[in-house]
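Participant: Would you mind keeping the following structure in view while I ask a few things?
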Amino acid sequence: MSSAALPKIAIVGAGLSGLALALALHRNGLTNITIYESRPATLDIGGAIMLSPNALKILDAIGAYSRLQPRSYAFDTLYFRKSDEAITLVDTFEFGSAEKYGYPALRVYRHELIDVLHELIREKDGISIEYGKKFSRVLSETKEQVTWAFADESQASASFLIGADGIHSQVRKYLHPDIEPRFTKGIGVTAAVPTAQLQLPSDFDTPVTLMNSKYGAFVIAKQLRDGSEVLIGKQRRFTEDLNKEGWADMLRNKQWCIDFLREGASEFPPLVANAVSNIPENKINLWPFYVVPKLDSWVSAVGKVVILGDAAHAIPPTAGQGVNQAFEDIYTFAGVMGALQRRSAAQDDADRSSIVLKRWQTGRQQRVDKILELNAMIDKRRLPGQDSITNEKDEFQLGWLYNLDFEQTIADWVA
Ligand SMILES: Cc1cc2nc3c(=O)[nH]c(=O)nc-3n(C[C@H](O)[C@H](O)[C@H](O)COP(=O)(O)OP(=O)(O)OC[C@H]3O[C@@H](n4cnc5c(N)ncnc54)[C@H](O)[C@@H]3O)c2cc1C
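Residue numbers for the sequence shown, in our numbering: 34 to 448.
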């Protein structure tokens with residue numbers, strides 16, 4: 034296919050969604066792509082992330098898995114324990130399994146994943162990234178193209194404009210001018226310390242969440258390939274809703290973050306006091322939990338503007354699916370776009386595109402809804418009052434989450 038015949042695709046945001054989307058589109062033969070990023074470099078927030086098999090299958094398909102895996106800590110299960118003397122196991126949650134789902138779970142620094150995606154993009158023709166270009170507003174949209182303005186008042190046009198610009202998406206404002214992210218009144222503060230500092234018992238597996246009804250949840254998760262570092266983090270309710278500057282001020286106040294992590298340490302098992310005894314300030318992160326209210330559409334009425342990733346459905350962190358669902362969005366969207374492109378060359382059916390995009394969005398929303406149901410089930414199981422690990426029959430069945438056949442799903446939507 035000559036590049037002149039290819040639709041020009043503009044992506045707003047060079048975060049994990051935007052970068053991976055460019056690679057997934059490219060894999061589908063769509064190679065006329067520009068990513069516009071408002072910052073001078075891709076945003077690297079929040080230390081390490083956890084990737085589950087559904088996302089790893091996608092990263093494998095776009096060529097990222099084999100490069101990422103050697104930089105990651107592999108594990109299978111999340112553990113939930115009480116803060117009593119015996120550190121009683123209350124619950125487990127499967128996050129990966131090479132045997133059952135083809136991949137273990139990986140814990141990896143976000144900057145490593147960003148590096149791998151950039152590396153892959155540099156190796157491809159037909160994807161460019163423009164930094165310092167802040168999308169401002171859509172100026173016009175027709176069946177042929179969409180035109181928009183940047184914050185510097187320069188303009189550009191493309192066949193499609195994809196908003197991968199995160200939870201505070203500006204592209205979303207075109208589709209849903211009145212929707213604002215909602216603060217869930219929960220925050221997490223995290224840091225990273227050497228694993229040796231905790232003096233963990235030898236059979237103590239991580240990631241583990243130590244639950245305490247008064248002081249919230251304390252999380253410990255090994256990271257780096259050899260597990261020589263752990264994330265330590267505390268989550269609890271926080272009723273004050275701050276603006277962007279307010280959260281940034283709190284993150285700059287390292288002593289406040291350290292005090293937050295240390296609060297109530299004596300009410301947890303002694304390894305928590307060890308964990309917070311020495312906290313390097315440069316490894317501290319703050320994550321206020323926001324959600325995007327359910328949207329009735331991720332695609333504009335004309336069908337040329339689309340949002341995905343956090344811009345479409347930022348979800349609470351309970352099942353650890355935030356970033357993993359963003360990868361599902363981008364891969365299925367790219368698959369659908371590729372299939373439409375191959376067909377339209379043959380049968381030129383313009384309306385078909387909007388029908389198929391609608392199916393994509395409905396299918397993706399149903400999946401996000403199921404994750405929200407799973408979040409609620411997990412929260413319910415971890416309410417105070419659970420005494421010991423639940424019966425085996427109550428184990429979560431997670432094949433639907435980790436074993437989805439994306440190629441078949443895409444084919445069904447396009448059929
Ligand atoms: C501190 C912290 C820790 C987190 N930890 C985890 C975790 O462990 N696991 C997990 O699953 N999720 C985690 N999340 C959530 C996760 O970061 C998001 O789900 C994920 O980053 C979504 O990716 P995205 O590419 O859709 O959006 P983002 O990562 O937000 O990327 C959006 C990009 O768009 C750019 N942009 C924004 N506006 C414009 C504009 N107007 N014009 C041009 N560019 C623009 C931004 O600069 C950014 O580079 C965490 C979030 C935070 C804040």
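Cβ atoms here follow ideal geometry from the backbone N, Cα and C, with glycine treated the same way.
Could you spell out where the alpha helix (DSSP H) holding valine 204 opens and where it closes?
Facilitator: Looking up residue 204 in the sequence shown gives position 171. First-last of the alpha helix (DSSP H) with valine 204: 204–208.
Participant: Thinking just about the alpha-carbon of each residue, which of Leu146, Ser116, Phe126, Phe360 is nearest to the one in aspartate 77?
Facilitator: The residue you call residue 77 lines up with position 44 of the sequence shown. It is Leu146 whose Cα lies nearest to the Cα of aspartate 77.
Participant: Residues in the same chain with beta-carbon distance under 6 Å from phenylalanine 216, minus the five sequence neighbours each way, listed in chain order, please.
Facilitator: The residue labelled residue 216 in the question sits at position 183 within the sequence shown. Excluding residues within five positions, the ones whose Cβ falls inside 6 Å are Asp274, Tyr323.
Participant: With three or more C-beta pairs closer than 8 Å as the rule, is the stretch 222–229 touching the stretch 193–204?
Facilitator: Touching, no.
Participant: Quick check: does the Cβ of lysine 199 come within less than 7 Å of any heavy atom belonging to ligand 1?
Facilitator: Residue 199 sits at position 166 when you count from the first residue of the sequence shown. Here the sequence assigns glycine to residue 199, which means lysine is not the residue at that position. Under cutoff, so the answer is yes.
Participant: If you follow the beta strand (DSSP E) that threonine 217 is part of, which residue opens it and which one closes it?
Facilitator: Here the question's residue 217 lines up with position 184 in the sequence shown. It spans 215–227 - the beta strand (DSSP E) in which threonine 217 sits, taken as one unbroken run.
Participant: Locate the beta strand (DSSP E) running through valine 252, then write down its first and last residues.
Facilitator: For the purposes of this step, residue 252 is identified with residue 219 of the sequence shown, where counting begins at 1. Per DSSP, valine 252 belongs to the beta strand (DSSP E) from 249–256.
Participant: Do you know how far the Cα of alanine 189 is from the Cα of asparagine 424?
Facilitator: The count along the sequence shown starts at 1 and reaches residue 424 at position 391. The count along the sequence shown starts at 1 and reaches residue 189 at position 156. Confidence in asparagine 424 is poor, its pLDDT being 49 and thus under 50, which makes the residue's placement unreliable; the coordinate value appears in the next sentence. If you take the alpha carbons of asparagine 424 and alanine 189, they lie about 58 Å apart.
Participant: Measuring CA to CA, which of Gly368, Leu304, Ala250 is closest to aspartate 412?
Facilitator: For the purposes of this step, residue 412 is identified with residue 379 of the sequence shown, where counting begins at 1. For aspartate 412, the nearest C-alpha among the options comes from Ala250.
Participant: In the DSSP assignment, what residue or residues form a beta bridge with tryptophan 320?
Facilitator: If you number the sequence shown from 1, residue 320 lands on position 287. Note: tryptophan 320 sits in a beta bridge opposite Gly221.
Participant: Ends of the alpha helix (DSSP H) at alanine 298?
Facilitator: Here residue 298 is taken as the residue at index 265 of the sequence shown, counted from 1. Note, alanine 298: premise wrong, no alpha helix (DSSP H); not H, not E.
Participant: Methionine 244: beta carbon under 7 Å from a heavy atom of ligand 1?
Facilitator: By 1-based counting over the sequence shown, the position of residue 244 is 211. No - ligand 1 has no heavy atom lying nearer than 7 Å to the Cβ of methionine 244.
Participant: Hey, quick one: how far does the beta strand (DSSP E) through glycine 196 stretch, first residue to last?
Facilitator: Here residue 196 corresponds to residue number 163 of the sequence shown, with the count starting at 1. Note, glycine 196: beta strand (DSSP E), 193–196.
Participant: Nearer than 7 Å: is that true of the beta carbon of alanine 344 relative to any heavy atom of ligand 1?
Facilitator: For the purposes of this step, residue 344 is taken as residue 311 along the sequence shown, with counting starting at 1. It does: the Cβ of alanine 344 is within 7 Å (strictly closer) of some heavy atom of ligand 1.
Participant: Kindly list the residues whose CB is nearer than 8 Å to the CB of alanine 97, restricted to its own chain and excluding five residues on each side of it in sequence; keep chain order.
Facilitator: Taking the sequence shown and counting its residues from 1, the one referred to as residue 97 is at position 64. If we look at alanine 97 and ignore the five residues flanking it on each side, its Cβ neighbours are Ala53, Leu56, Leu146, Val149, Leu150, Leu153.
Participant: Identify the residues that DSSP records as bridge partners of threonine 125: which are they?
Facilitator: Locating residue 125 in the sequence shown gives position 92, where the first residue counts as 1. Threonine 125 pairs with Tyr112.
Participant: Are there 16 or more other CB atoms within 10 angstroms of the CB of serine 421, so buried, or fewer, so exposed?
Facilitator: Against the sequence shown, residue 421 aligns to sequence position 388. Interpretation of serine 421 is limited by its pLDDT of 49, a score under 50 that renders its predicted location unreliable; the figure taken from the coordinates is listed afterwards. By the neighbour-count rule (16 or more Cβ atoms within 10 Å), serine 421 is not buried but exposed.
Participant: Let me check you understand the geometry: is the CB of asparagine 87 closer than 7 Å to at least one non-hydrogen atom of ligand 1?
Facilitator: Working through the sequence shown from its first residue, we reach residue 87 at position 54. Because no heavy atom of ligand 1 lies under 7 Å away, the Cβ of asparagine 87 does not count as near it: no.
Participant: Return helix, strand or coil for proline 40, following the three-state DSSP convention.
Facilitator: Within the sequence shown, numbered from 1, the residue matching residue 40 stands at position 7. Reduced to three states, the DSSP call for proline 40 is coil.
Participant: How should serine 261 be labelled, buried or exposed, when 16 other C-beta atoms within 10 angstroms of its C-beta is the threshold for buried?
Facilitator: By one-based count along the sequence shown, residue 261 stands at place 228. It counts as exposed.
Participant: Just to confirm the assignment: which complete alpha helix (DSSP H) runs, minimum length 4, are found wholly within the stretch 343–420?
Facilitator: For the stretch 343–420, whole alpha helix (DSSP H) runs of length 4 or above, ordered along the chain, are 343–346, 355–380, 383–414.
Participant: Where phenylalanine 168 and glutamate 70 are concerned, what is the direct C-alpha to C-alpha distance, given to the nearest angstrom?
Facilitator: Stepping through the sequence shown from its first residue, residue 168 is reached at position 135. Stepping through the sequence shown from its first residue, residue 70 is reached at position 37. Going by the C-alpha atoms only, they are around 8 Å apart.
Participant: Taking only heavy atoms of ligand 1 into account, decide whether any of them is closer than 7 Å to the Cβ of glutamine 268.
Facilitator: One-based indexing of the sequence shown puts residue 268 at position 235. It does not: the Cβ of glutamine 268 is nowhere closer than 7 Å to a heavy atom of ligand 1.
Participant: Enumerate in chain order the residues of its own chain whose CB-to-CB distance from aspartate 445 is below 7 Å, with the five nearest sequence positions on each side excluded.
Facilitator: Position 412 of the sequence shown, counted from the first residue, corresponds to residue 445. Same-chain partners within the cutoff: there are none.
Participant: Report the CB separation of leucine 233 from leucine 304 in whole angstroms; it is logged as a contact under 8 Å.
Facilitator: Here residue 233 is taken as the residue at index 200 of the sequence shown, counted from 1. Here residue 304 is taken as the residue at index 271 of the sequence shown, counted from 1. Indeed, because the Cβ distance is near 6 Å, the residues count as touching under 8 Å.
Participant: Could you check if glycine 135 belongs to the surroundings of ligand 1, using beta carbon to heavy atom distance under 7 Å?
Facilitator: Along the sequence shown, one-based indexing puts residue 135 at 102. For ligand 1, not one heavy atom lies less than 7 Å from the Cβ of glycine 135.
Participant: Please name the residue in Phe237, Pro349, Phe301 whose C-alpha comes closest to that of serine 116.
Facilitator: Within the sequence shown, numbered from 1, the residue matching residue 116 stands at position 83. For the residues Phe237, Pro349, Phe301, the minimum Cα distance to serine 116 belongs to Phe301.
Participant: Below 8 Å, how does it come out for the stretch 339–350 and the stretch 163–183: are there three or more Cβ pairs, yes or no?
Facilitator: They do not touch, by the three-pair rule.
Participant: Who are the near neighbours of leucine 84 in its chain, counting only those whose CB is closer than 6 Å to its CB and skipping five residues on each side?
Facilitator: Indexing the sequence shown from 1 puts residue 84 at position 51. Hits under 6 Å: Leu139.
Participant: Consider the C-beta atom of tyrosine 69 and the heavy atoms of ligand 1; say whether any pair is separated by less than 7 Å.
Facilitator: By one-based count along the sequence shown, residue 69 stands at place 36. Tyrosine 69 Cβ: within cutoff of ligand 1.
Participant: How many angstroms separate the CA atom of serine 36 from the CA atom of valine 339?
Facilitator: Looking up residue 36 in the sequence shown gives position 3. Looking up residue 339 in the sequence shown gives position 306. Here the model assigns serine 36 a pLDDT of 47, short of 50, so the residue's position is not dependable, and the following value carries that caveat. When rounded, the distance between both Cα atoms is 22 Å.
Participant: When the Cα atoms are used, what is the spatial distance from serine 202 to serine 235?
Facilitator: On the sequence shown, residue 202 is found 169 positions in, with the first residue counted as 1. On the sequence shown, residue 235 is found 202 positions in, with the first residue counted as 1. Computed Cα separation, rounded: 45 Å.
Participant: What residue range does the alpha helix (DSSP H) around valine 447 cover?
Facilitator: Within the sequence shown, the letter at position 414 stands for residue 447. Here the alpha helix (DSSP H) through valine 447 covers 439–447.
Participant: If you reduce the DSSP assignment to three classes, tell me which class lysine 119 lands in.
Facilitator: One-based indexing of the sequence shown puts residue 119 at position 86. It is alanine, not lysine, that sits at residue 119 in the sequence shown. Coil.
Participant: Could you tell me which residues DSSP puts in a beta bridge with alanine 138?
Facilitator: Residue numbering aside, residue 138 sits at position 105 when the sequence shown is read from its first letter. Paired residues: Phe108.
Participant: Mapping DSSP to helix, strand and coil, what is leucine 264?
Facilitator: In the sequence shown, counting from the first residue as 1, residue 264 sits at position 231. Here leucine 264 sits in strand by DSSP.
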